[in-house]
Amino acid sequence: MPDIKVPGVRVAFEETERREILREIDAVLRSGMVAQDRKVREFEEFWADYTGCRHAVACSSGGAALEILVRALGVEGKDVLVPTNTFIATVNAVQLAGGRPVFLDLDARTMGVSFEEIQRKCTDRTAGVIVVHIGGIITDEIEKIAAWCARRGLWLLEDAAHAHGSEFAGRRAGRFGLAAAYSFFATKVVTSGEGGMIVCDDDGLKETCLQLRDYGKRAQWETYHVRIGSNHRMSEVTAVIGLSQSRRLDEFIRHREGVARWYTEGLEKHLDLVLPAGRSSWYKYITLLPAGLDHQAVKTAMQARGIQIPGGVYDVPVHLQPVFRPLGLEGTLPRAEEICRRHLCLPIFYGMTTEQADYVVACLREVLEGSGSGPAGSADGRVAAP
Numbered sequence: 002m003p004d005i006k007v008p009g010v011r012v013a014f015e016e017t018e019r020r021e022i023l024r025e026i027d028a029v030l031r032s033g034m035v036a037q038d039r040k041v042r043e044f045e046e047f048w049a050d051y052t053g054c055r056h057a058v059a060c061s062s063g064g065a066a067l068e069i070l071v072r073a074l075g076v077e078g079k080d081v082l083v084p085t086n087t088f089i090a091t092v093n094a095v096q097l098a099g100g101r102p103v104f105l106d107l108d109a110r111t112m113g114v115s116f117e118e119i120q121r122k123c124t125d126r127t128a129g130v131i132v133v134h135i136g137g138i139i140t141d142e143i144e145k146i147a148a149w150c151a152r153r154g155l156w157l158l159e160d161a162a163h164a165h166g167s168e169f170a171g172r173r174a175g176r177f178g179l180a181a182a183y184s185f186f187a188t189k190v191v192t193s194g195e196g197g198m199i200v201c202d203d204d205g206l207k208e209t210c211l212q213l214r215d216y217g218k219r220a221q222w223e224t225y226h227v228r229i230g231s232n233h234r235m236s237e238v239t240a241v242i243g244l245s246q247s248r249r250l251d252e253f254i255r256h257r258e259g260v261a262r263w264y265t266e267g268l269e270k271h272l273d274l275v276l277p278a279g280r281s282s283w284y285k286y287i288t289l290l291p292a293g294l295d296h297q298a299v300k301t302a303m304q305a306r307g308i309q310i311p312g313g314v315y316d317v318p319v320h321l322q323p324v325f326r327p328l329g330l331e332g333t334l335p336r337a338e339e340i341c342r343r344h345l346c347l348p349i350f351y352g353m354t355t356e357q358a359d360y361v362v363a364c365l366r367e368v369l370e371g372s373g374s375g376p377a378g379s380a381d382g383r384v385a386a387p
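If you count the sequence shown from 1, you need to add 1 to reach the numbering used here.
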């Protein structure tokens, strides 16, 4: 067996970038303005320009960005349609804003939600819809969903935590709904360690979001409060790191696209693959294992071959998380319960070599064939030893 190791994820901070970040941080420290100031504004300007939106509001996290948006829209006592296949922050935003999440089942083509499911779950109590661009994939139904929401008088929010640089029909994530929330958590395509960003065109929504991120204040340095808010601000140091990474975003995506092409060519005859209709950030490369194959056994077999499997999207749907068990929803969202068990994300990161990608493909094909799920036979749930 080749002596090749493949990490599940790798954060890219090369030497020249680290030096530049340290120089910028030193300038921030010398200025004495370490709280939200000039670098945060530059970071916001970058993301407004990159997404083609009029406004961007930097926040302490992607979850904070979502919560601010949902609070700004006034959902107290109203229903909000949310995917069950998402990180819990999407659903928490609705609950913390006083709304009632109504879970949407999964669309296996995109790991997101379908237009049909949104239509089916919408009622007179529905205030709006949140779509999540899982793994960086914008559903090919997004324009249809947006137009239908507009006709129904529903707002549409995009959870773009995975979708930095993702596009569909020439429009980037954030251009389909009323607003979008990005995350810059440590594992994302571009990172600032923690951090989030709201993008939108609406002037009034932007002003409300600015207030909600800073204790409901009318202006940053005034102690004059016009609404109930909290501290969801971003620091200058966080903005320095995030801005440096964001300027490399297209470079990062081009590299990930190359890895994704290698995977697709090597696996399309062996597995069902979840592939984008437009440009993806390739935050995740998602495959679907054959039904009946032991998901954990595959991960263990790959790990034994020196390949770390990154986190899924998501292994346990939100409606099955312990905190939501009292709702008694098990069995009511069957596609999510099946597909979340079957999906497997493969390592994909900036700097990944063709040798590493080829090794992942070869090992996964070996594991599948050893289980009887590949060309050698029928699935029996077992996997090949290394």
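Every residue gets a Cβ at the ideal spot worked out from N, C-alpha and C, and that includes glycine.
Values in this document were obtained by computation on a predicted structure and should not be read as measured data.
Helix, strand or coil: how does DSSP classify N93 here?
For this step, residue 93 is matched to residue 92 along the sequence shown. N93 falls in the helix class under three-state DSSP.
Who are the Cβ neighbours of G279 in its own chain at under 8 Å, not counting the five residues just before and after it?
Working through the sequence shown from its first residue, we reach residue 279 at position 278. Within the same chain, G279 has close Cβ partners I139, D141, S167, E168, F169, A170.
Within 10 angstroms of the Cβ of L328, are there 16 or more other Cβ atoms? Answer buried if so, exposed if not.
Working through the sequence shown from its first residue, we reach residue 328 at position 327. Around the C-beta of L328, fewer than 16 other C-beta atoms lie within 10 Å, and the residue is accordingly described as exposed.
Do Y286 and A305 have their C-beta atoms closer together than 8 Å?
As a working note, residue 286 is residue 285 in the sequence shown. As a working note, residue 305 is residue 304 in the sequence shown. In this structure, A305 does not lie closer than 8 Å to Y286 by Cβ.
Report the option in R42, T111, I308, E117 whose CA atom is closest to the CA atom of P3.
Along the sequence shown, read from residue 1 onward, the residue named residue 3 stands at position 2. Of the listed residues, the one whose Cα sits closest to P3 is I308.
Under 8 Å between C-beta atoms of V58 and I199:
Working through the sequence shown from its first residue, we reach residue 58 at position 57. Working through the sequence shown from its first residue, we reach residue 199 at position 198. When the beta-carbon positions are compared, V58 and I199 come within less than 8 Å of each other.
I think G197 touches A65, with their Cβ atoms under 8 Å apart; what is that distance to the nearest whole Å?
In the sequence shown, counting from the first residue as 1, residue 197 sits at position 196. In the sequence shown, counting from the first residue as 1, residue 65 sits at position 64. The pair is a contact, with the Cβ atoms about 6 Å apart (cut-off 8 Å).
Identify every residue that forms a DSSP beta bridge with H344.
Along the sequence shown, one-based indexing puts residue 344 at 343. According to DSSP, H344 bridges with L289.
Buried or exposed for T111, please, with buried defined as at least 16 other CB atoms from any protein chain shown within 10 angstroms of its CB.
For the purposes of this step, residue 111 is taken as the residue at position 110 of the sequence shown. Looking at its Cβ environment, which holds 16 or more other Cβ atoms inside 10 Å, T111 is buried.
Across the region 184–194 and the region 32–39, are there enough close Cβ pairs to call them in contact, namely three or more that are closer than 8 Å?
no
Let me make sure I understand the geometry here. Which of D251, R248, E367, R336 has the alpha-carbon closest to that of V299?
Within the sequence shown, the letter at position 298 stands for residue 299. For the residues D251, R248, E367, R336, the minimum Cα distance to V299 belongs to E367.
Cutting at 8 Å between CB atoms, please list the residues of its own chain near V7, excluding the five before and the five after it.
Start at 1 with the first residue of the sequence shown, and residue 7 comes out as number 6. Once the five neighbours on either side are set aside, the close Cβ partners of V7 are G307, I308, Q309, P348, M353, Q357, Y360, V361.
Short of 8 Å in beta carbon distance, which residues of its chain neighbour Y315, apart from the five on each side in sequence? Order them along the chain.
By one-based count along the sequence shown, residue 315 stands at place 314. Excluding positions up to five away in sequence, the list reads N86, T87, F88, C341.
Does the distance from the C-beta atom of V29 to that of E237 stay below 8 Å?
Your numbering for residue 29 matches position 28 in the sequence shown. Your numbering for residue 237 matches position 236 in the sequence shown. The answer is yes: Cβ separation under 8 Å.
I need the boundaries of the beta strand (DSSP E) containing W156, first residue and last residue.
Counting from 1 along the sequence shown, the entry for residue 156 is found at position 155. Secondary structure note for W156: its beta strand (DSSP E) is the uninterrupted segment 156–160.
Does D381 pass the burial test, meaning 16 or more other C-beta atoms within 10 Å, or should it be called exposed?
Residue 381 sits at position 380 when you count from the first residue of the sequence shown. Confidence at D381 is low in this model, with a pLDDT of 43, below 50, so its placement is unreliable and the value that follows should be read with caution. With fewer than 16 Cβ atoms within 10 Å of its Cβ, D381 is classed as exposed.
Just curious, the alpha helix (DSSP H) that A73 is in, first and last residue?
Taking the sequence shown and counting its residues from 1, one reaches residue 73 at position 72. Run containing A73: 63–73, per the alpha helix (DSSP H) assignment.
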